[in-house]
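> Please read through the structure below; I'll follow up with questions.
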Amino acid sequence: MDSARRLARFAERFAADSAQGDWQSVRRLDRELAALLRRLAAKQPLSAAERAALNALRAAHETARARCARATTQLGDKLSHMRTHKDGWMAYAMNDVVEER
């Protein structure tokens, strides 16, 4: 697969995986992309198709990064809410245990 198509494929995968919240896949893609970019940097100059694909990939990567940041914030908010209401959660859980006996 040529570099432009490979970059386009990375952009598609970043978009799809981040939209699904598959952060393990996004992490793996990010590592693979770093290796590809190092190889491309040694190949200068890039073709027009490669530059266009790289620009699309930058946008997809930024979107994935923003989605990850939102997911991180949402998870932090959820954990904070759980900590704030820990006593209530514990009382509810204990009530279930008592009712089961």
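So that you can map any letter, position 14 of the sequence shown is 272 in our numbering, and since no number is skipped, the others follow by simple counting. For glycine and all other residues, C-beta sits at the position ideal for the given N, C-alpha and C.
1. State yes or no: is the C-beta of L294 nearer than 7 Å to some heavy atom of the ligand ATP?
2. Comparing C-alpha positions only, which one of S261, L265 and V284 sits nearest to A324?
3. Taking DSSP as the reference, what is the three-state secondary structure of K344?
4. For K344 and A327, I'd like the C-alpha separation in whole angstroms.
5. Can you say whether D354 is buried or exposed, counting buried as having 16 or more other CB atoms within 10 angstroms of its CB?
6. Within 10 Å of its beta-carbon, does E320 have 16 or more other beta-carbons around it, so buried, or fewer, so exposed?
7. Using three-state DSSP, classify D335 as helix, strand or coil.
8. Just to confirm the assignment: which complete alpha helix (DSSP H) runs, minimum length 4, are found wholly within the stretch 266–304?
Looking at the atomic coordinates:
1. Within the structure as shown, the ligand ATP is missing, as the structure has no ligands at all.
2. Ranking S261, L265 and V284 by Cα distance to A324 puts V284 first.
3. For K344, the three-state secondary structure derived from DSSP is helix.
4. Looking at the two C-alpha atoms, the distance is approximately 25 Å.
5. Flag for D354 reads exposed.
6. Exposed: under 16 other Cβ atoms inside 10 Å.
7. Looking at D335 - three-state DSSP - the assignment turns out to be helix.
8. Correct list: 281–299.
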